[in-house]
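**Student:** First the structure, then my questions, so here it is.
Protein chains: 2
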Amino acid sequence: MNIHELIRDLREPAKTKIVLLVADGLGGLSRQPGGLTELETAKTPNLDACAKDGVTGLSIPVLPGITPGSGPGHLGLFGYDPLEYRIGRGILEALGINFAVGARDVAIRGNFCTLGADGKITDRRAGRPTNEKNKAAVEKLRTIKIPGVELFVEPVKEHRFVLVIRGDGLGDRVNDTDPQAVGVPPLKAEGADAASQRTADVVNAFIAEATKVLASEGAINGATLRGFATYPKIATFADVYGLKAAAIAVYPMYKGLARLVGMDILDPGQTLQGQVETLTKVWNDYDFFFLHYKYTDSTGEDGNFPAKVDMIEKLDEIVPDILKLKPDVFIVTGDHSTPSKMKSHSWHPVPTLLLADMCRADEVTEFSERACLRGGLGQFQAMHLMLLAMAHAGRLGKYGA
Amino acid sequence: MNIHELIRDLREPAKTKIVLLVADGLGGLSRQPGGLTELETAKTPNLDACAKDGVTGLSIPVLPGITPGSGPGHLGLFGYDPLEYRIGRGILEALGINFAVGARDVAIRGNFCTLGADGKITDRRAGRPTNEKNKAAVEKLRTIKIPGVELFVEPVKEHRFVLVIRGDGLGDRVNDTDPQAVGVPPLKAEGADAASQRTADVVNAFIAEATKVLASEGAINGATLRGFATYPKIATFADVYGLKAAAIAVYPMYKGLARLVGMDILDPGQTLQGQVETLTKVWNDYDFFFLHYKYTDSTGEDGNFPAKVDMIEKLDEIVPDILKLKPDVFIVTGDHSTPSKMKSHSWHPVPTLLLADMCRADEVTEFSERACLRGGLGQFQAMHLMLLAMAHAGRLGKYGA
Numbered sequence: 001m002n003i004h005e006l007i008r009d010l011r012e013p014a015k016t017k018i019v020l021l022v023a024d025g026l027g028g029l030s031r032q033p034g035g036l037t038e039l040e041t042a043k044t045p046n047l048d049a050c051a052k053d054g055v056t057g058l059s060i061p062v063l064p065g066i067t068p069g070s071g072p073g074h075l076g077l078f079g080y081d082p083l084e085y086r087i088g089r090g091i092l093e094a095l096g097i098n099f100a101v102g103a104r105d106v107a108i109r110g111n112f113c114t115l116g117a118d119g120k121i122t123d124r125r126a127g128r129p130t131n132e133k134n135k136a137a138v139e140k141l142r143t144i145k146i147p148g149v150e151l152f153v154e155p156v157k158e159h160r161f162v163l164v165i166r167g168d169g170l171g172d173r174v175n176d177t178d179p180q181a182v183g184v185p186p187l188k189a190e191g192a193d194a195a196s197q198r199t200a201d202v203v204n205a206f207i208a209e210a211t212k213v214l215a216s217e218g219a220i221n222g223a224t225l226r227g228f229a230t231y232p233k234i235a236t237f238a239d240v241y242g243l244k245a246a247a248i249a250v251y252p253m254y255k256g257l258a259r260l261v262g263m264d265i266l267d268p269g270q271t272l273q274g275q276v277e278t279l280t281k282v283w284n285d286y287d288f289f290f291l292h293y294k295y296t297d298s299t300g301e302d303g304n305f306p307a308k309v310d311m312i313e314k315l316d317e318i319v320p321d322i323l324k325l326k327p328d329v330f331i332v333t334g335d336h337s338t339p340s341k342m343k344s345h346s347w348h349p350v351p352t353l354l355l356a357d358m359c360r361a362d363e364v365t366e367f368s369e370r371a372c373l374r375g376g377l378g379q380f381q382a383m384h385l386m387l388l389a390m391a392h393a394g395r396l397g398k399y400g401a
Numbered sequence: 001m002n003i004h005e006l007i008r009d010l011r012e013p014a015k016t017k018i019v020l021l022v023a024d025g026l027g028g029l030s031r032q033p034g035g036l037t038e039l040e041t042a043k044t045p046n047l048d049a050c051a052k053d054g055v056t057g058l059s060i061p062v063l064p065g066i067t068p069g070s071g072p073g074h075l076g077l078f079g080y081d082p083l084e085y086r087i088g089r090g091i092l093e094a095l096g097i098n099f100a101v102g103a104r105d106v107a108i109r110g111n112f113c114t115l116g117a118d119g120k121i122t123d124r125r126a127g128r129p130t131n132e133k134n135k136a137a138v139e140k141l142r143t144i145k146i147p148g149v150e151l152f153v154e155p156v157k158e159h160r161f162v163l164v165i166r167g168d169g170l171g172d173r174v175n176d177t178d179p180q181a182v183g184v185p186p187l188k189a190e191g192a193d194a195a196s197q198r199t200a201d202v203v204n205a206f207i208a209e210a211t212k213v214l215a216s217e218g219a220i221n222g223a224t225l226r227g228f229a230t231y232p233k234i235a236t237f238a239d240v241y242g243l244k245a246a247a248i249a250v251y252p253m254y255k256g257l258a259r260l261v262g263m264d265i266l267d268p269g270q271t272l273q274g275q276v277e278t279l280t281k282v283w284n285d286y287d288f289f290f291l292h293y294k295y296t297d298s299t300g301e302d303g304n305f306p307a308k309v310d311m312i313e314k315l316d317e318i319v320p321d322i323l324k325l326k327p328d329v330f331i332v333t334g335d336h337s338t339p340s341k342m343k344s345h346s347w348h349p350v351p352t353l354l355l356a357d358m359c360r361a362d363e364v365t366e367f368s369e370r371a372c373l374r375g376g377l378g379q380f381q382a383m384h385l386m387l388l389a390m391a392h393a394g395r396l397g398k399y400g401a
């Protein structure tokens, strides 16, 4: 029996409210042996108080040693096994530019490239065009029509764009047409099954047309495609948990990931303060609130230790405004670690706290990597976090008699 | 390879003895933040000494956040994956009244109800009859004969009884005939497959006869059935572990669960002292002893914090009598937590200690939820406990060369 079936069997209606605050890339590393991590350095009196009254632990996003991207990182937190539910790169790229992909879509990452007179690639990134030049080239691609399908072309930045093919019976088992090399022509698309061959036929026709309409664009005179991906079949939050869920995120990618699992996407503007104001405004309308905070990750990616410390402290400051709403379950975690020492996502377990009436408190009085090691949740798989959220919210009945 | 196959491959004969002492619902919660749990409050010098010399940890009965009933709770401790082995409600009800269900049985929960002249239910519980009236009505039902099967009707209490149908090729995929509502007639039983339709046919004939024989019983003039369940196919303790196992329990339900996995059921009377005397008496006859202590659960269910503390202290007092027998492996755990704060089973991990010559002791010197968090067993799945028991008993060989 899989976990979602179990939850559907056991779940019980309740009026309780759950807040999941995801500080992206929360976990970190000390700069040198014996030092403190970003979270250990930050002054976080409010999170520390939650750790004291609540229960803490460390979340393993996928498996020990596995560094997740944003997709698997969030799917895990949402209770979907990230090794079972996979989000193709094309879909993630489309989510990242806030394109509302749907069930009949194949989403694909596109790169503008430069082709020589012999049709061979001379620059895989078309000289890294400006975003303006990208947009102009995308406008040309938008003139292309292929019978039987709808096409959407959206600019990303520099040489990158997204192509979405909408139609019936389209597969995504299509090879990348980007040969990942110069001096060779782009590859022809081929489908590994009948549905995917249909996609490949559309794509080959599209590329042929693209070469024609781009002919006058100088360095941008060709395009390659990769990361073919259909919309993943994912049961919604309402279906699995019986929760009416809202996503309060600033960045398109995270709105997109929340939309994948059927959350309502609210528009809180661009600030953390705006997110909390939105949370307050819609408090009576939802059971579950996913708040996403980006800057713990982006400062980590920048390798900026003090900036990440600062962003953690800013997050800590708004915690009282969330607690004022009296959530029945308040969870703070991250989708993965992003140590500024590594300037990248990492595999390290993520500090997590859960505050609820029926949580069994541990001896932890501080929210940090080191302290959470002694926490009552132990080290747990991220995909089990929603089980704990549901249980502490009084929303799961007994299994078996 | 599943765990039972692995154990069959690796197990080695030995003369060692294992005692598994299950304090039902052992784990608890503090009454307010910062307070102590029932186990932390109780004076348990003997269990603390075991924790000091042994290794401790916390058992997760099913999955994080999942609250088990007694069935899955015990199956896990016995080393059977509680998500794979499911015990139907009818079987559990039969076990609870000490009915020896077998491989050819379908067990069903019955409710006496009151039917109006139009055949519609006016009271789903027949006015909650006395146990005496229940027994009288059951006697009437016992007169019913259906060709090709044996029928057993057993009183439970008030409006509840158990029906067991014994025969060949009977399925249990039959809908409840209890419509869970008044003002409507009982539902007809229908089988989801051929074997289950055979059961449904027997049941429909039984209900038709029941309505006739009960006609003169006043408020008890009908019956509904639910929780159809065949006997689960479970390999025995002897088959999986090569252990000759005895159950020393007071309550029928736990005797029944032990019988399911093939343990011998001893009769220790009604007291803990009687249980330990029985243990002493049969010490030379078995390899494995399951001792079940109910009162840590029942006081928790009552929401009586001091009574649960008291019951834990009473359990602690008999520990020296068990240790006198020099078990090679002595385990104390629970099938789940029953915090008196919740008056119910819960999902919280269960304090566990294992004392054996070859255990690697940790720094824990006290048997409590908080202390066990620092224990050498960590947080582990209950279904892995028997692997640890077998290993520490010198009964598992090396895996691979």
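Read top to bottom, the protein sequences are chains A and B. Throughout the first sequence, residue numbering follows my numbering, covering 1 to 401 in sequence. Throughout the second sequence, residue numbering follows my numbering, covering 1 to 401 in sequence. Glycine is no exception: its CB is placed at the ideal position from the N, C-alpha and C atoms.
1. In chain order, what residues of the stretch 65 to 79 of chain B put their CB closer than 9 Å to some CB of chain A?
2. Determine whether the beta carbon atoms of B:L29 and B:M342 lie at a separation below 8 Å.
3. Short of 6 Å in beta carbon distance, which residues of its chain neighbour A:H345, apart from the five on each side in sequence? Order them along the chain.
4. Please name the residue in A:R8, A:I3 and A:I18 whose C-alpha comes closest to that of A:D328.
5. For the stretch 232 to 243 of chain B against the stretch 117 to 132 of chain B, do three or more pairs of beta-carbon atoms, one drawn from each stretch, fall closer than 8 Å, so that the two count as touching?
6. Taking Cβ to Cβ, would you say B:T352 is nearer than 8 Å to B:G110?
7. When DSSP builds the beta bridges, which residues end up paired with A:R360?
8. Just grab the DSSP bridge partners of A:G222 for me.
9. Under the assumption that B:D48 contacts B:T296 (Cβ atoms under 8 Å), give the Cβ distance between them as a whole number of angstroms.
10. For the beta strand (DSSP E) containing A:V164, name the first residue and the last one.
11. Please classify B:V184: is it buried, with 16 or more other beta-carbons within 10 angstroms of its beta-carbon, or exposed?
12. With 8 Å as the limit, tell me which residues of the stretch 376 to 400 of chain B have their beta carbon closer than that to any beta carbon of chain A; keep them in chain order.
13. Spatial neighbours of A:A219 within its chain, please: C-beta separation below 6 Å, excluding the five flanking residues on both sides.
14. Closest by CA to A:V22, which one among A:P61, A:R360, A:L6 and A:D123?
15. What is the C-beta distance between A:K162 and A:A107, in whole angstroms, given that I count them as a contact (C-beta under 8 Å)?
16. Taking only beta-carbon atoms, is B:H292 less than 8 Å away from chain A?
17. Whether or not the stretch 3 to 18 of chain B and the stretch 269 to 279 of chain B are in contact is what I'm after, with contact meaning three or more pairs of Cβ atoms, one per stretch, closer than 8 Å; do they touch?
18. Please report the Cβ distance between B:A258 and B:F290, rounded to the nearest whole angstrom; I am assuming they are in contact, meaning their Cβ atoms lie under 8 Å.
19. Can you list the residues of chain A that B:P33 reaches, using a CB-CB cut of under 7 Å?
20. If you draw a straight line from the C-alpha of A:T236 to the C-alpha of A:Y80, how long is it?
21. Listing by chain order, which chain B residues have their CB less than 9 Å from the CB of A:R374?
22. Given B:P186, which residues of its chain have a CB within under 6 Å of its CB, disregarding the five upstream and five downstream residues?
23. Tell me the rounded alpha-carbon separation between B:Q197 and B:G171.
24. Assign A:R86 to buried or exposed, taking buried as 16 or more other Cβ atoms, counted over all protein chains shown, within 10 Å of its Cβ.
25. Give the residues of chain B in contact with A:M263, contact being defined as C-beta atoms less than 8 Å apart.
26. Check whether the stretch 36 to 52 of chain A touches the stretch 313 to 323 of chain A, taking contact to mean three or more Cβ pairs, one atom from each stretch, closer than 8 Å.
27. Tell me whether the beta-carbon of B:L325 lies closer than 8 Å to the beta-carbon of B:Y293.
28. Are the beta-carbon atoms belonging to A:V174 and A:A205 less than 8 Å from one another?
29. Looking at the secondary structure, which residues open and close the beta strand (DSSP E) in which B:P155 lies?
30. Going along chain A, which residues have a C-beta under 8 Å from B:V62?
31. Within 8 Å (strictly less), CB to CB, does A:M253 reach chain B?
32. Please state the DSSP three-state secondary structure of A:L20.
33. Taking just the CA atoms, how far does B:K15 sit from A:M383?
34. Would you say B:S30 reaches chain A, if we count a Cβ-Cβ gap shorter than 8 Å as a contact?
35. Kindly say whether B:I312, judged by its beta-carbon, lies nearer than 8 Å to any beta-carbon of chain A.
36. Considering only residues of the same chain and omitting the five flanking positions on each side of B:R374, which have a CB-CB separation below 7 Å?
**Tutor:** For this structure:
1. G65, I66, T67, P68, G69, S70, G71, P72, G73 and L75
2. In the second sequence, the residue the question calls residue 29 of chain B occupies position 29. In the second sequence, the residue the question calls residue 342 of chain B occupies position 342. Contact: yes.
3. Within the first sequence, the letter at position 345 stands for residue 345 of chain A. So the list reads T67, H336 and T338, once near-sequence residues are dropped.
4. Sequence index remark: in the first sequence, residue 328 of chain A carries index 328 (1-based). Comparing Cα-Cα distances from A:D328 to each of A:R8, A:I3 and A:I18, the minimum goes to A:I18.
5. no
6. The sequence position of residue 352 of chain B within the second sequence is 352, counting from 1. The sequence position of residue 110 of chain B within the second sequence is 110, counting from 1. Going by C-beta atoms, B:T352 is not nearer than 8 Å to B:G110.
7. Within the first sequence, numbered from 1, the residue matching residue 360 of chain A stands at position 360. According to DSSP, A:R360 bridges with nothing at all.
8. The sequence position of residue 222 of chain A within the first sequence is 222, counting from 1. A:G222 pairs with A:C113.
9. Walking along the second sequence from the start, residue 48 of chain B turns up at place 48. Walking along the second sequence from the start, residue 296 of chain B turns up at place 296. Wrong, their Cβ atoms sit about 16 Å apart, outside the cutoff.
10. Here the question's residue 164 of chain A lines up with position 164 in the first sequence. First-last of the beta strand (DSSP E) with A:V164: R160 to R166.
11. If you number the second sequence from 1, residue 184 of chain B lands on position 184. Exposed, by the Cβ-count rule.
12. G378 and Q379
13. Taking the first residue of the first sequence as position 1, residue 219 of chain A is located at position 219. These residues qualify, in order along the chain: T114, A126 and G127.
14. Within the first sequence, the letter at position 22 stands for residue 22 of chain A. Considering only alpha carbons, the answer is A:P61.
15. Within the first sequence, numbered from 1, the residue matching residue 162 of chain A stands at position 162. Within the first sequence, numbered from 1, the residue matching residue 107 of chain A stands at position 107. A small correction: the amino acid at residue 162 of chain A is Val; Lys does not occupy that position in the sequence shown. In this structure, A:V162 and A:A107 form a Cβ contact; the two beta carbons are roughly 6 Å apart against a cut-off of 8 Å.
16. Reading the second sequence from its first residue, position 292 is the one you call residue 292 of chain B. False, the Cβ-Cβ gap to chain A never drops below 8 Å.
17. no
18. Position 258 of the second sequence holds residue 258 of chain B. Position 290 of the second sequence holds residue 290 of chain B. With a Cβ gap of about 6 Å, B:A258 and B:F290 count as contacting.
19. For this step, residue 33 of chain B is matched to residue 33 along the second sequence. Those within 7 Å of B:P33 in chain A are D53 and A361.
20. Here residue 236 of chain A refers to the residue found at position 236 of the first sequence. Here residue 80 of chain A refers to the residue found at position 80 of the first sequence. Distance between the alpha carbons of A:T236 and A:Y80: 10 Å.
21. Taking the first residue of the first sequence as 1, we reach residue 374 of chain A at position 374. Per Cβ cutoff of 9 Å: L373 and R374.
22. The residue given as residue 186 of chain B occupies position 186 in the second sequence. Contacts found: T177 and T224.
23. Taking the first residue of the second sequence as position 1, residue 197 of chain B is located at position 197. Taking the first residue of the second sequence as position 1, residue 171 of chain B is located at position 171. Rounded to whole angstroms, B:Q197 to B:G171 spans 7 Å at the Cα level.
24. Locating residue 86 of chain A in the first sequence gives position 86, counting from the first residue. It is exposed - the Cβ of A:R86 has fewer than 16 other Cβ atoms within 10 Å.
25. Counting from one through the first sequence, the residue named residue 263 of chain A turns up at place 263. Going along chain B, no residue has its Cβ under 8 Å from A:M263, so there is no contact; the nearest lies around 20 Å.
26. At 8 Å Cβ cutoff, the stretches touch.
27. Looking up residue 325 of chain B in the second sequence gives position 325. Looking up residue 293 of chain B in the second sequence gives position 293. For the 8 Å CB-CB criterion, B:L325 and B:Y293 do not form a contact.
28. Translated into positions along the first sequence, residue 174 of chain A becomes position 174. Translated into positions along the first sequence, residue 205 of chain A becomes position 205. Between A:V174 and A:A205, the C-beta spacing is not below 8 Å.
29. As a first step, residue 155 of chain B must be located in the second sequence, where it is residue number 155. Segment E150 to P155, the beta strand (DSSP E) holding B:P155.
30. As a working mapping, residue 62 of chain B is identified with position 62 in the second sequence. Chain A residues near B:V62: Y399.
31. Numbered from its first residue, the first sequence carries residue 253 of chain A at position 253. It does not: the Cβ of A:M253 has no partner Cβ on chain B nearer than 8 Å.
32. As a first step, residue 20 of chain A must be located in the first sequence, where it is residue number 20. Three-state result, A:L20: strand.
33. Numbered from its first residue, the first sequence carries residue 383 of chain A at position 383. Numbered from its first residue, the second sequence carries residue 15 of chain B at position 15. Going by the C-alpha atoms only, they are around 42 Å apart.
34. Working through the second sequence from its first residue, we reach residue 30 of chain B at position 30. True, the Cβ-Cβ gap to chain A drops below 8 Å.
35. Taking the first residue of the second sequence as 1, we reach residue 312 of chain B at position 312. Chain A contact via Cβ: absent.
36. Taking the first residue of the second sequence as position 1, residue 374 of chain B is located at position 374. For B:R374, where only same-chain residues beyond five positions count, the Cβ hits under 7 Å are D362, E363 and V364.
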